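A.B. asks: Residue numbers for the sequence shown follow this note's numbering, so the first one is 7 and each next one is one higher. First the structure, then my questions, so here it is.
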Amino acid sequence: QLRDNDIRSALAEAHYFTIARDIRRETRLRLGKWTAEEITPIEALKAYLESKKVAPERTKILLQYGEKLIQGQRTEPG
């Protein structure tokens, strides 16, 4: 893994340089077939709860709370 500060120190004598990041993400198993960009917040919460083996009754309640939080965030001004 490269660190920006190490690169900047090595190039300190250069007159000009640009750092361009090319980040590649691997699909995480716990997200199944989705990538982070493709999954909705509620789907992410559901996948997380399933991966933690939360009881179905508790999952239902937590998903309801999660949906309320997400809806509240969408309706807040700003």
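Beta carbons: idealized from backbone N, C-alpha and C, even for Gly. Since the structure is predicted, the reported quantities are computational estimates derived from the model, not experimental observations.
#1: Run through DSSP, which three-state label would threonine 46 get?
#2: Taking the alpha carbon of isoleucine 48 as the point to measure from, which residue in Ala61, Ala26, Thr65 has its own alpha carbon closest?
#3: Roughly how many angstroms lie between the CA atoms of leucine 69 and leucine 51, to the nearest whole one?
#4: Could you give the C-beta distance for isoleucine 13 and isoleucine 25, rounded to a whole number, given that I count them as a contact under 8 Å?
#5: Under the three-state reduction of DSSP, which class applies to threonine 65: helix, strand or coil?
C.D. replies: With the given structure in hand:
#1: Coil, per DSSP.
#2: When C-alpha distances from isoleucine 48 are compared across Ala61, Ala26, Thr65, the shortest belongs to Thr65.
#3: Cα-Cα distance, rounded: 7 Å.
#4: Right, their Cβ atoms sit about 6 Å apart.
#5: Helix, per DSSP.
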